[in-house]
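*Asks:* Sharing a structure, written as C-alpha cells. Questions coming.
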Amino acid sequence: MVRSPANLNSDLARTFQRGTTTVWVLLAAMTMFACRANAQSCSVSAAAGNYGSVNILSGGTTDTTSSFTVNCTGCLSPLGCTYNVCVQFDQGSPNSNSSIRYMGSGANTIQHELYSDAARTQVWGSWGYGTSQYGAAGVSLNLTIPLLSNASHNFTVYGRIKAGQQTAVPGTYTWNTTSPALAGAAYLLASPNCSANPGNFVNAGSSPWVATILANCNLSATPLNFGSASLLTSNVDAVATLTVQCTNTTPYSIGLDSGANASGSQRRMLNGASNHISYNLYTDAARSAAWSTTTSASSCTNGAGTCVLGTGTGSNQNVTVYGRVPPQVVPAVGTYSDTVIATITF
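Heads up: the sequence shown runs through residues 23 to 368, numbered per this note's numbering.
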C-alpha cells in the first residue's frame, strides 16, 4: 500500500505530538523526584542561648535571643525545588510540667519561654515530630532551592525568663533540647501541611540555654525621728525600719556605722558647727545591744547582738532599728541630725 503525502504528514504530526507529551511527562517526573530527594539533604544548626547574669530580685523579665540556620541542598531540577520547612522546639529538659518550659539548677527551677516573634507573644512550640507536642505549633517556611545549589534561612528565637520569680535560689540554671528539629517535604504545586507530619525530621543536637542567678541583696531605710523635746531629762526613744530583700537561702548580716559626727564610737547628731546631742542605736527592743559594723555574712564581727543576721527569702523582710537619746544637757535650741550608713554583707 502506498501512503499519500498527506497521510504521511498526518502520522508524523501524531508521532511528534505523542513524543512531546512523553517528554513533558518525563520532565515532570524528574522534577518531582529531584525535589523529593532534596528532603534528605537539609540540615539545621544548634540554637543555644545565654541569659547572662539575672537580677531575679527585680521581679521583671530577662530577655535574650539566639539564632540558627536551616540549609538545604541537592536540587536536581532545572526548575528549582521548593521545600516546605517545618521547624519545631520541643519542651526540653527539665520538663516537670507539660505546659511550661523550665530551667533547672539541681532541684531548683525557674520558668522561661521561647518565642518566634520579638514581641514575645507567639510561643515557638512543636507539632510532635519524634517528641511530645508543645504549644500550638512550630514555625514553617517555604525555601526555594536553585538547581545544583543550596538555599538557607536564618531564624531568630526569642527567649524570656518570666517575671515574678523573686524567690528563685541562686545558681546556674540550664535548659536543654535537641531542638530545633527540622521536618518538611518538597512539593511542586501544593505546600504540605506541617501539622500533618510532612516528612522526615532531623535534630540540631544539643542546644543548651543558660542563666546565672547571683546572690544579691537590696536594702532601704526609713528615717529615725526622735521628735521634739525642750529638755533631755529622760530617755527619748524612737524606731526606724530597714527593708531587706535578699535572694532565697542567702545568709546576710546588717551593720551600722558610727555616723558622720561620731566621737569615737559614740554616735552624735549635729546642729550648726559644733553643737551635738549623743544618741545610740540598738538591735533589740530593750536597747541593751549596741548596733555596730560587721564584715561577715554569718556572724557579728564585734560579738553576738551587735548586728542583725538573717537569711533571704526573695521577699522583703523588715528589720527594726531601736534608737535612744539618753538624758543630757542640750547645748542649743535647733534641729539636730546625723547620717548613718547601713551595710548589708552577704
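Glycine included, C-beta positions come from ideal geometry on N, C-alpha and C.
Below 8 Å between beta carbons: does that hold for Asn72 and Thr86?
*Replies:* Yes.
*Asks:* Under a three-way DSSP split, which group does Ser127 fall into?
*Replies:* Three-state result, Ser127: strand.
*Asks:* Unbroken beta strand (DSSP E) runs of length 3 or more, entirely within the segment 215-297: which are they?
*Replies:* Complete beta strand (DSSP E) runs here, min 3: 223-225, 231-235, 239-243, 258-268, 273-278, 289-293.
*Asks:* Relative to the C-alpha of Ala69, which candidate in Gly81, Ile132, Gly114, Ser63 has its C-alpha closest?
*Replies:* Among Gly81, Ile132, Gly114, Ser63, the Cα nearest to that of Ala69 is on Gly114.
*Asks:* How big is the Cα-Cα spacing for Tyr358 and Tyr344?
*Replies:* Taking the straight line joining both Cα atoms gives about 18 Å.
*Asks:* Does DSSP put Ser7 in a helix, in a strand, or in coil?
*Replies:* Residue 7 lies beyond the range of the chain shown here (23 to 368); nothing can be said about it.
*Asks:* Could you give the C-beta distance for Gly147 and Ala140, rounded to a whole number, given that I count them as a contact under 8 Å?
*Replies:* So it is not a contact: roughly 17 Å between Cβ atoms.
*Asks:* Of the choices Ser275, Asn340, Asn283, whose alpha-carbon is the least far from that of Thr316?
*Replies:* If we check each option's Cα against that of Thr316, Ser275 comes out closest.
*Asks:* Does Ile167 pass the burial test, meaning 16 or more other C-beta atoms within 10 Å, or should it be called exposed?
*Replies:* That one is buried.
*Asks:* Look at the alpha carbon of Leu303 and the alpha carbon of Trp313, and state the distance between them as a whole number of angstroms.
*Replies:* Distance between the alpha carbons of Leu303 and Trp313 is about 6 Å.
*Asks:* So, at 7 Å on beta carbons, what are the nonlocal neighbours of Ser256 in its own chain, with the 5 sequence-adjacent residues on each side left out?
*Replies:* The answer, listed in chain order, is Pro349.
*Asks:* According to DSSP, simplified to helix, strand and coil, what is Ser63?
*Replies:* In the structure shown, Ser63 sits in a helix (DSSP, three-state: H, G or I).
*Asks:* In whole angstroms, what separates the C-alpha of Ala226 from that of Ala203?
*Replies:* When rounded, the distance between both Cα atoms is 6 Å.
*Asks:* Give the range of the beta strand (DSSP E) segment to which Ile366 is assigned.
*Replies:* Taken as a continuous stretch (DSSP letters only), the beta strand (DSSP E) holding Ile366 covers 364-367.
*Asks:* Could you give the DSSP three-state label for Pro27: helix, strand or coil?
*Replies:* Here Pro27 scores only 38 on pLDDT, less than 50, and its place in the model should not be relied on; the value that follows carries that caveat. Helix at Pro27.
*Asks:* With Ala140 as the anchor, note down where its beta strand (DSSP E) starts and where it stops.
*Replies:* Per DSSP, Ala140 belongs to no beta strand (DSSP E) and is neither H nor E.
*Asks:* Following the continuous beta strand (DSSP E) through Tyr73, name the residue where it begins and the one where it ends.
*Replies:* 71-76 is the extent of the beta strand (DSSP E) around Tyr73.
*Asks:* How long is the line joining the alpha carbons of Tyr151 and Gly160, rounded to whole angstroms?
*Replies:* Near 10 Å, if we compare the C-alpha coordinates of Gly160 and Tyr151.
*Asks:* Buried or exposed: Ala354, going by 16 or more other Cβ atoms within 10 Å of its Cβ?
*Replies:* Answer is exposed; the Cβ neighbour count stays below 16.
*Asks:* Please state the DSSP three-state secondary structure of Leu79.
*Replies:* Correct three-state label for Leu79: helix.
*Asks:* Sort out for me which residues DSSP pairs Ile183 with in a bridge.
*Replies:* For Ile183, which the question treats as bridged, DSSP gives the partners Thr84, His134.
*Asks:* Counting along the chain, where does the beta strand (DSSP E) carrying Val347 start and finish?
*Replies:* First-last of the beta strand (DSSP E) with Val347: 338-347.
*Asks:* For Leu136, does the count of other Cβ atoms within 10 angstroms reach 16, so buried, or fall short, so exposed?
*Replies:* When all chains shown are included, Leu136 counts as buried.
*Asks:* Using the beta-carbon count (16 or more within 10 Å), is Ser252 buried or exposed?
*Replies:* Exposed, by the Cβ-count rule.
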